[in-house]
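S.K.: Here the protein sequences come in this chain order: A, B, C and D.
Each residue of the first sequence is one higher than the one before, counting from 46 in our numbering.
Each residue of the second sequence is one higher than the one before, counting from 46 in our numbering.
Each residue of the third sequence is one higher than the one before, counting from 18 in our numbering.
Each residue of the fourth sequence is one higher than the one before, counting from 18 in our numbering.
Heads up, the beta-carbon is just placed ideally off N, CA and C, and yes, glycines get one too.
Here the structure is a predicted model, which means the values were calculated and not measured.
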Amino acid sequence: MTDKKQHETPMLDELENGPWPSFISGIKRLRDEHPEERINGVANDLLGQLEHSYETRKGYWKGGTVSVYGYGGGIIPRFSEVGQQFPESREFHTLRVQPPAGNHYSTDILRQLADSWEKWGSGLVTFHGQTGNIMFIGSSTDNTQHFFDEINDYGFDLGGAGPCVRTAMSCVGAARCEQSCANEHKIHRTLVNNFTDDVHRPALPYKFKFKVSGCPNDCMNSIERADMAVIGTWRDDMKVDQEAWKAYVSEKGRQHTIDNIITRCPTRCMSLKDDDSLEVDNRNCVRCMHCLNVVPKALSPGEDKGVTILMGGKRTLKIGDLMGTVIVPFMKLESEEDYEKITEIAENTIDFWAENGLEHERCGEMIERIGLVNFLEGIEIEVDPHMISDPRQSSYVRMDGWDEEAVKWFERQAESQSAAG
Amino acid sequence: MTDKKQHETPMLDELENGPWPSFISGIKRLRDEHPEERINGVANDLLGQLEHSYETRKGYWKGGTVSVYGYGGGIIPRFSEVGQQFPESREFHTLRVQPPAGNHYSTDILRQLADSWEKWGSGLVTFHGQTGNIMFIGSSTDNTQHFFDEINDYGFDLGGAGPCVRTAMSCVGAARCEQSCANEHKIHRTLVNNFTDDVHRPALPYKFKFKVSGCPNDCMNSIERADMAVIGTWRDDMKVDQEAWKAYVSEKGRQHTIDNIITRCPTRCMSLKDDDSLEVDNRNCVRCMHCLNVVPKALSPGEDKGVTILMGGKRTLKIGDLMGTVIVPFMKLESEEDYEKITEIAENTIDFWAENGLEHERCGEMIERIGLVNFLEGIEIEVDPHMISDPRQSSYVRMDGWDEEAVKWFERQAESQSAAG
Amino acid sequence: MAKEMRKPIESGCPDGFQYMHPSMVKNFGSWDWHDHPRPGVLRHVSKSGDEVWTVKAATQRILDVFTLRKLCDIGDQFADGFVRFTIRSNIEYMVSDALKVDPLISALEDSGFVVGGTANSVAMIAHTQGWLHCDIPGTDASGVVKAMMDELIDEFKNCDMPNRVHITTSCCQINCGGQGDIAINVQHTKPPKINHDLVANVCERPSVVARCPVAAIRPAQVNGKPTLEVDEKKCICCGACYPPCPPMQINDPEHTKLAIWVGGNHSNARSKPSFQKLVASGVPNNPPRWPEATAIVKRILQAYKEDARDWERINDWIDRIGWPRFFEATGLPFTKFHIDNWRGARKSLNASTHIRF
Amino acid sequence: MAKEMRKPIESGCPDGFQYMHPSMVKNFGSWDWHDHPRPGVLRHVSKSGDEVWTVKAATQRILDVFTLRKLCDIGDQFADGFVRFTIRSNIEYMVSDALKVDPLISALEDSGFVVGGTANSVAMIAHTQGWLHCDIPGTDASGVVKAMMDELIDEFKNCDMPNRVHITTSCCQINCGGQGDIAINVQHTKPPKINHDLVANVCERPSVVARCPVAAIRPAQVNGKPTLEVDEKKCICCGACYPPCPPMQINDPEHTKLAIWVGGNHSNARSKPSFQKLVASGVPNNPPRWPEATAIVKRILQAYKEDARDWERINDWIDRIGWPRFFEATGLPFTKFHIDNWRGARKSLNASTHIRF
Ligand code: SRM
Ligand code: SRM
Ligand code: SRM
Ligand code: SRM
Ligand code: SF4
Ligand code: SF4
Ligand code: SF4
Ligand code: SF4
Ligand code: SF4
Ligand code: SF4
Ligand code: SF4
Ligand code: SF4
C-alpha cells in the first residue's frame, strides 16, 4: 500500500459489519493489499467519493463520451463531479462485455480476464449486470482501448449501451435443466450475433433486448424485461410417468397432492383418479409449468418442442411497465431454416421499429401507440387468437372490412389444413 | 274492425309464424278485434309504418317535447316522419310509469291499468322496459295528460326520462328468495322516492340510476347498469347445515362435489373433509354465491347482513362500458338511521356529480375523469382497501403527503378498534 | 295554459306489498331454500314450512290489452289473483298448492304462452324498442327476438344448458339492452351521412361535437350555412352523434350490420362480473327473420352445450378452454377486428406463455 | 487519430460450450429431473444416469480481483475448474461426485461466501449501480442490499419460505433492477430543482420536453437565457428529465425516499406474469444501513411465511387472501396513494362484490 492519505470512511465501514460478503471490504482490499499503486489509489479515491455520497445522499458521477476505435457504444463513461477531491478515480468508465451464452466460465478464462483487468482497470468486476454483461467497472479513458484490445483478441466483445441492440441473456437451460424445451444457447447467439453491427453502432430509436428462457418458468424474466422474448414450450401432451406420479402421491398423500397440485392448475385440467393415477386434459393445459415444477420426476414437457415469441416488455420509463405479448404462439426451432426464420422475424421487427419508432421509444411503446394490428402488419405476421387474452370489448371500431378479413382467416385455415393433411 | 283500408304487411306477417308469441299478432288483434275504432286505426297505421321500416331497413320516428303538467320528464315523445302515410299513429308517445317495487301486481290493478290505457292510449304496454318502467306505448299528445291524471289518482307516477334520476329496480329478493340479505323493497323505495323532484324535473348532468339486488348474484344487473348499485351481502360466517351438505354429497358423489363446488370456489377456501363434511375458510370467502347457489339447502348467508354499494356502472356511450366499483364495502341497513345514512350517501353523490359532472357525463365517467380518490373526497368517504382489486402499479405519482395519509389510516384503525372494543 | 291543471301527486314508486301474493308477504325475508321441480317451475320453501311454487311464462313483451287480460284471467283462475314480472319481462304465477301447477301450465300453454326460462335454460332475450318506437334504431329488436326465440324455444322450455344463458339484443350501438352471455347488437360500418341543409336548424352544434367519442366532428360551412363535418378516417361509426343531431344519418339499409358478442356476465358468481367480447360482426341486418344472426347464436349455443361443464356460464367456459378453441369450436373467423384497440386494450393481449395447443 | 488503430473483431457473444462443465456438455438437452438435497444444493439427474450436483453461493456482486481469484481457487480444487453465474449474480459450482459437496460448501463458507439461495429461499437481491457508478442514482443499491442481506441471511441459507422470494432494488425510478416479489425502489417526492444557468449549455431542450411522461416541462427564459420550467402541479416526480438534463436535479437528500412494492412475478407458473404493486412509500433513504426499509421487508416476509400455502408466491398468496388482509397482516397503512390513477387504473378497482370480511 502506498503511503498516500487514506480517506476516512466511517459510514462505509458500517457496511463491513454483518455476515454478508461486503463490497466495501473488497474495495478496501484493492486499496490496501493490491501490489499495484495505481489500483490502490483508484480504490482509495473511489471509497472517498462513495463516502461523500453516503454523507450527502447524492451521486457525483456524470456521463460523457468514450468509446473504442470502430465502435460507438458498449462503454458507460463516468467522470467525477468531485474529481478535485478524488482525482485518482476521476475517470471511472465501465466496459460492458458480452459473456458466453449461459454464463459458463472456466476458471482459466476468469483468471485471464482478471489479469487483463488488473493491468488496465480498477480491479472491480461484476458477473453480471442486470442486462447480462460482464461489467468491468472503473477504467480511465486511455485504458479502455487497451483493455478492450486485449480481451477482444482472446474472444470477448463489447455489449451494447445507448440506442442499440443490447447484450442478450439465456438461461442455463438445456445445459442443466430438465424443463428446457429449446437450445437457448443457439437461439441466444444466433439472434444477438446477427446484429453485431447494431450492437456496436447505436443508431436505433432506443435500446432493443433479446432474452431467451428454455421454458415458461422464464428464469430470464424475459416477458417483462425483453423487447423480444423467446421462450421454450411444447405442443403435444406432457409426459406423465404414472409410476413416479403414484410414488409421489403415496409419499405425500392425496390431500397434499390435491391442495398443492390439482387445485393450483390454472385451467383445472388435472384429475387425480381413484387409483392415484393422473389424468391431464392436455388440450386445456396452458403449459404453466406448475405441476411439472412440483413433480419433475413424474411430469415432463412433451416431445413436440418449440418456442413462443413475445415482444414489447420493458420497465417503467415514459408510459409505465409493459409485459411483452405473444407475437408468435409457436414455432419449431430445429432446422437451419427455422433459425433463419426466427432471425428474419427479429430483423423485420427491428427494421419496422427503426423506421417507425419515435426517438427514445421502445418497441413495446411503439406497439402501444400504433396498436398491435398495425405492428403485425408491419412485420408481416398474421393475427392469431393466441395473441390475445380476450377479444375486443369495445364496439367503438369501424369494421367495414370484415368480410375480407374473414376470408383471409378461412384461407389460412384451409392452407394449414392442407399442409397438415 | 273499421272498414278503413288495412296496410299490407307481408314482411311482418312472417313474424306471425313460429311457436313463440308474436307481438305482430298482438298488434293485429288491436287492429282487427278491438271495439274502439281509434285503437284499430292506430294499430293499422303503426303496422303500416313498421312494415315500411322492415322494407327500407330504417326507423321513422323523431323526438319532440311532450310532458304532463308540473313535470319535465317521464315521457318519450314520438312523432312520425311518415305521418302523411300513417296519420293515425303519427303521435305515438310512450309514458314511463314506475312499477311497484319488486314488480308485484294483483290482477285487479293490472286490469285497472289496462282499462285506463285503453281509454287514452294504443292498447300496447310492456312490463317492463330495460330500466324497469311500465311502458305505455302509443299515446297522442293530448291524451298523455288524461291518462296520467287517471293512473296518478290511483297511485301510479311517472318515471324518469332525460337528465334526471331514473326509475329504480329491485329484485324479487326477500319476497321469495332465500339468498336475500336485505330488504330490497325498502331500499328501492327509500332511495328513489327521496328524489322524486329529480325524477320529474330533469336538471342533472345526465341520467342517474339506482338498482338493488338482494345478494351478489345481482339479478338486477346493477353493477353494470346502475350509477348506484346496492347489493345485499353478509359479514360473518356463512351458515352450513352439515347434515344437508352430507346428504348432497352422498346423493351426488364426492367427485361431483369436488368438480362442481370445491374447485370452483374462486379463492379455494372450501375443503371437503374425509367424513364428507364441509370446512369453509370464511375469512377468504368472497361471497361469490357459487356454493350457496349449488346447494341452497345446506349453505346460506350468515346472520350479520348488510349491503355493499358500488357506483359508476353504465353501458358503452362515450368511453366504453363501465362496471360500477365498490364505494361502501359494507354497511348495515336495519335502523332508520341506517336508511338515512344510505340516503345521505346518495344525496352527496348526486350533489357532487351535479356540480362537477360535465354535460351528458354519467357519474362513472366523471369518476373515470377525476379519479376515484377525488370522487371519494367529494362525497366524504374514506379510502379503503376493499375498493380495489390491486394497489397502484405505476410509480408515476407524487407522494409527498404520504406521512399525513398514513396517520389518517392509523387514526381510523384506532377509532374503529375502540368503537368495536 | 288557461284551464286550471291538475297538480301531479308525486308518489314515486308504489309500495309493492299491496300487490304481493299473500304467501310472499307472510314469508317475507324467511325463505329457506328452493329447488327446480321441472323446467319453468321453482319451488321455494320458507322457514315456516310454507311453500310457494312459481310458474314462469314468456310472452311477446309488447303486450296488447287482450293478451294482458288473458294473463290476468289465468292468474285469477289458478294463482289467487297475483302475478309478478321478472327483469326479463316474463310473467310469474305463484301458487301455494303443488296440485295447481300442472293445470296452470296447461292453461298458459293452451293460450300460446311458453312456460320455461328457469335455471339452466336459455332465458328470454332481453330487448329494446327498435323500429316500433325509437328514434335512432338500426334494427328491430322485437323482430330479431321473435325470430330467434322461435328457434330457441326448446332451449327455453328445457334446462339442458350447462348454466343459464342470458341473451340480449339492442337496436343501436347505445345498447339499451345491456350485455349478456350472448348479445346481438347493431354495428354501423360507415360514417354518418350528413344532411347539411338541416343541421343549422335542428342541431346544437357544440354539444354534437362534444358527444363524439373520438373527436371526429368539427363545425363547418356548406353553401354558406353552418353545419358539421366528419373526419371519416377517425370516425368509429358509433352513432353517438345521431340522437342529438338526426341530420347525421347513421342508419343505412346495407351498412348497418349486426355483431355478436359473448361472455358478458353480471353476476358475481365464481368470477367477478365480466364484459362481453366481440366474436362475429358483419352479420346482415336482414328482416323479417334475421336468419344469419340466429344461425351464429345457435352455433355458439351448441358448442357451449357440448363442451362446457355444469355451472360454467359462457365466460367461465371460455376462460377454461381459451379463445382459440372457442373460434375453432364455433367455426367463426378470427380477424384483426377481434384485437381491441380502445382504451386499456393492452390488458386484452396475452402477456404470458399461457397457451393451449 | 494519427496512429493506426486496431480494428475490433466483432465476435459478439462467445460460444459457451468451450467453458462449460464437461458433464453439462455431455448431457446437454438430456436432463431428466432434479431435486433439492439441501439448501444451496441442486441435484440434476440425466437420462444417461449422470448426476450433477450444483452448489450455489452468494458473493458481494461487485467483485475485486482477489475475491474473483478466491472463487476460482475453490473451483479448481473441488469443481473441475468450471463455474457459472446465475442471473442473480450467484456463483454455481457443478460437481459430479456427491462426496465433494460438503467439502466444497465448507470451503466456500470458510472463505466468507454464503451457500444457499435455491428453491424456496429468499434469493439474492437483484440490484443496480447506485452511487458507486451511475450518474442519476437516488440511493446506493449495493449498500441497501448488503445491509438487508445481513438480516435476511438465514432466509437465504434455508428453504423455509412457501415459495421462492425474488427481491429487487433499484437506485432511481428508472428501475434497472426490474420488479419482484418485493422491490425496494427509489421514489422522488419533489419536482426537480432547475439550475437555470446550465440548461442552455448542457441540455437539448426539445428532447427533454419530450421525455416527460406528463408533459409538465416547457421551454422558458430565465434572465434572458433559454431554459426549462416545470409545472409543479403536473409533475409526478419521476426523474425522467434528469438523465437527459442533469441541471434538472431530482435527487434530494431528504425528499428522495424509498418505496416498497410487492407481488411482481415474471414466471408463468400458475397465473400469468404479474406486475408488482405499491405497498409502502415515504421510507427514509437512510445510509449506511437503511433500517426502515429492511424492517418493512421483514414484516412482509414474516406475514407471508406465516400465512401463505406451499408454492404460493407472494402474488398468489395475496390473490387468495386479498389486499385488505395483506395490509392487516403487515400492519402497513393503506392510503389514497395506493389507489392507482395512471393509465388503465380503472381495472385496478373492485368492480364486484367479491369482498372478504
Ligand atoms: C326472477 C329474477 C329476479 C327478478 O326479480 O326479476 C331472478 C330470480 C332468480 N335468480 Fe337470478 N333472476 C333473474 C334475473 C337474473 C339476472 C339478470 C338478467 O336476467 O338479466 C342475473 C344476472 C345476469 C348475469 O349474470 O349476467 C341473474 C343471476 C342469477 C344467478 C347467477 C348465475 C351464475 O351462475 O352466474 C343465480 C344463481 C343460480 O343460478 O343459482 C340466480 C338465481 C336466481 C334464483 C334461483 C334465486 C332464488 O333462489 O330464488 C331465482 C330463480 C331463477 C330462475 O328463474 O331460475 N340468478 N338472475 C330474474 C329472472 C329473469 C328471467 O325471467 O329470466
Ligand atoms: C325503452 C328502453 C329500451 C327498452 O325497450 O326497454 C330504452 C330506450 C331508449 N334509450 Fe335507453 N332505454 C332503456 C334502457 C336503457 C338501459 C338499461 C337499464 O336502464 O338498465 C341502458 C343501459 C344502462 C345505462 O344506463 O348505461 C340504456 C342506455 C341508454 C343510453 C346510453 C347511456 C349511456 O350513458 O351510455 C341512451 C343515450 C342517451 O341517454 O343519450 C339511451 C337512450 C334511449 C332513448 C331515450 C333514445 C333517445 O335518445 O331517444 C330510447 C327511447 C326509446 C323509445 O322510443 O322508447 N339509453 N337504456 C329502456 C327504458 C325502458 C324503461 O324506462 O324501463
Ligand atoms: C440458475 C437460474 C437460471 C440462470 O440461468 O441463471 C435458475 C435455475 C432454476 N430455476 Fe429459475 N433460475 C433462475 C432465476 C429465476 C428467475 C429470475 C430471477 O431470479 O430474477 C425466475 C423468474 C422470476 C419471477 O418469477 O419473478 C425463475 C423462476 C423459476 C420458477 C418459477 C417459480 C414460481 O413458482 O413462480 C421455477 C420453478 C420452480 O420453482 O420449481 C424455477 C426453477 C428453476 C430450476 C429448479 C430449474 C431446474 O429444473 O433446474 C433451477 C434451479 C433453481 C434453484 O436454484 O433453486 N425458476 N428463476 C437462476 C437462478 C437465480 C438465482 O441465483 O437466484
Ligand atoms: C448497469 C445496469 C444496472 C446494474 O447495475 O446491473 C444498468 C445501468 C444503467 N441503466 Fe439500466 N442498467 C441495467 C439494466 C437494465 C434493465 C434490466 C435488463 O436489461 O433486464 C432495465 C429494465 C429493462 C428494460 O430494458 O426496460 C434497465 C432500464 C433502464 C432504462 C429504462 C429503459 C426504458 O425504456 O424504460 C434506462 C434509461 C434510458 O435508457 O434512458 C437505463 C439507463 C441506465 C444507465 C445507462 C443510466 C444512464 O442513462 O446513464 C445506467 C448506467 C449505470 C452505470 O453507471 O453503469 N436503464 N436497465 C444494468 C446493465 C448492466 C448490463 O449491461 O448488464
Ligand atoms: S427457464 Fe426453464 S429451462 Fe431455463 S433454467 Fe429456468 S426452468 Fe430451466
Ligand atoms: S402445466 Fe399448468 S396448466 Fe398444464 S396441467 Fe400442469 S398445472 Fe395445469
Ligand atoms: S339478486 Fe339474490 S336475492 Fe335477489 S333474486 Fe337474485 S338471487 Fe335472490
Ligand atoms: S361463496 Fe364463493 S367464495 Fe365463498 S365459499 Fe362459496 S364458492 Fe367460495
Ligand atoms: S338500443 Fe338504441 S335504438 Fe334501441 S331503444 Fe335503445 S336507444 Fe333506441
Ligand atoms: S358516428 Fe360516432 S365517431 Fe362517427 S362522427 Fe358520429 S359520434 Fe363521431
Ligand atoms: S436504477 Fe437508475 S440509478 Fe440505478 S443503475 Fe439504473 S439508471 Fe442508474
Ligand atoms: S420529474 Fe418527471 S414528471 Fe417531473 S418534470 Fe421531470 S420528467 Fe416531468
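Closest to leucine 92 of chain A by C-alpha separation, out of A/Thr101, A/Pro122, A/Phe124 and A/Glu53, would be which residue?
M.R.: A/Glu53
S.K.: Measuring alpha carbon to alpha carbon, tell me which of A/Cys408, A/Val237, A/Val452 and A/Gly218 ends up nearest histidine 51 of chain D.
M.R.: A/Gly218
S.K.: Helix, strand or coil, according to DSSP, for tryptophan 48 of chain C in the structure here?
M.R.: strand
S.K.: In whole angstroms, what separates the C-alpha of asparagine 393 of chain A from that of isoleucine 387 of chain A?
M.R.: Straight-line Cα distance between these residues: approximately 10 Å.
S.K.: What number of angstroms, rounded off, separates the C-alpha of lysine 73 of chain A from the C-alpha of asparagine 89 of chain A?
M.R.: If you draw a straight line from the Cα of lysine 73 of chain A to the Cα of asparagine 89 of chain A, it comes to about 8 Å.
S.K.: Rounded to whole angstroms, how far is the Cβ of aspartate 272 of chain B from the Cβ of glycine 409 of chain B, which I believe are closer than 8 Å?
M.R.: 7 Å
S.K.: Do the region 59–75 of chain C and the region 155–164 of chain C make contact, defined as three or more Cβ pairs closer than 8 Å?
M.R.: no
S.K.: Go to lysine 87 of chain D, then tell me how far its alpha helix (DSSP H) extends in each direction, as first and last residue.
M.R.: 82–95
S.K.: Beta carbon of arginine 141 of chain A, beta carbon of glycine 207 of chain A: below 8 Å?
M.R.: Not closer than 8 Å, so no.
S.K.: Starting from proline 132 of chain B, find everything on chain D with Cβ-Cβ shorter than 7 Å and list it in chain order.
M.R.: Neighbours of proline 132 of chain B on chain D: none; closest Cβ ~49 Å, over 7 Å.
S.K.: Taking 7 Å as the line, does the beta carbon of cysteine 220 of chain C fall inside it for any heavy atom of ligand 12?
M.R.: no
S.K.: Can you pull the chain D residues whose beta carbon is under 9 Å from the beta carbon of leucine 75 of chain A, in chain order?
M.R.: Chain-order list of chain D residues neighbouring leucine 75 of chain A: Asp81, Val82 and Phe83, by C-beta distance under 9 Å.
S.K.: If you reduce the DSSP assignment to three classes, tell me which class valine 339 of chain A lands in.
M.R.: helix
S.K.: Listed in chain order, which residues of the region 386–418 of chain B have Cβ atoms closer than 9 Å to some Cβ of chain C?
M.R.: Leu403, Glu404 and His405
S.K.: Got a sec: is the Cβ-Cβ distance from phenylalanine 455 of chain B to anything in chain D below 8 Å?
M.R.: yes
S.K.: Along the chain, where does the beta strand (DSSP E) that runs through glycine 168 of chain B open and close?
M.R.: 166–172 is the span of the beta strand (DSSP E), which, as asked, contains glycine 168 of chain B.
S.K.: Relative to the C-alpha of glycine 361 of chain D, which residue among B/Arg437, B/Arg299 and B/Glu324 is closest?
M.R.: When only C-alpha atoms are compared, the closest one is B/Arg437.
S.K.: Run down chain C in chain order and give the residues with a C-beta less than 9 Å from the C-beta of serine 369 of chain D.
M.R.: Asn285, Ser288, Lys289 and Pro290
S.K.: Quick check: is any heavy atom of ligand 4 less than 7 Å from the C-beta of cysteine 193 of chain D?
M.R.: yes
S.K.: Below 8 Å between beta carbons: does that hold for serine 322 of chain B and glutamine 300 of chain B?
M.R.: no
S.K.: If you measure from the beta carbon of lysine 364 of chain C to each beta carbon in chain D, is any gap under 8 Å?
M.R.: yes
S.K.: Does DSSP put methionine 46 of chain B in a helix, a strand or coil?
M.R.: In this prediction, methionine 46 of chain B has a pLDDT of 45, which is less than 50 and means its spatial position is unreliable; nothing more can be read from the coordinates.
S.K.: Would you call glycine 235 of chain C buried or exposed, if buried means 16 or more other Cβ atoms sit within 10 Å of its Cβ?
M.R.: One detail in the question is off: residue 235 of chain C reads as arginine in this sequence, not glycine. Burial is judged here by how many other beta carbons sit within 10 angstroms of a residue's own beta carbon; arginine 235 of chain C has fewer than 16 and is exposed.
S.K.: In terms of residues, what are the limits of the alpha helix (DSSP H) holding phenylalanine 99 of chain C?
M.R.: Per DSSP, phenylalanine 99 of chain C belongs to no alpha helix (DSSP H); it is in the beta strand (DSSP E), 99–102.
S.K.: Comparing the CB of proline 2 of chain D with every heavy atom of ligand 11, is any distance shorter than 7 Å?
M.R.: Since the first residue of chain D shown is 18 and the last is 374, residue 2 of chain D is not available in this structure.
S.K.: Rounded to a whole number of angstroms, what is the C-alpha to C-alpha distance between valine 247 of chain D and phenylalanine 201 of chain B?
M.R.: Rounded to whole angstroms, valine 247 of chain D to phenylalanine 201 of chain B spans 60 Å at the Cα level.
S.K.: Determine, for isoleucine 356 of chain C, whether the minimum Cβ-Cβ distance to residues of chain A falls below 8 Å.
M.R.: yes
S.K.: What whole-angstrom Cβ distance do glycine 231 of chain B and tryptophan 279 of chain B have, given they're in contact under 8 Å?
M.R.: The sequence shown places lysine at residue 231 of chain B, not glycine. Between tryptophan 279 of chain B and lysine 231 of chain B the Cβ distance is about 18 Å, and since that is not below 8 Å, they are no contact.
S.K.: With a Cβ-Cβ cutoff of 8 Å, do methionine 432 of chain B and asparagine 367 of chain D count as a contact?
M.R.: yes
S.K.: Any heavy atom of ligand 4 within a distance shorter than 7 Å of the CB on cysteine 255 of chain D?
M.R.: no
S.K.: Do you know offhand how far tyrosine 251 of chain B's Cα is from glutamate 400 of chain B's?
M.R.: 12 Å
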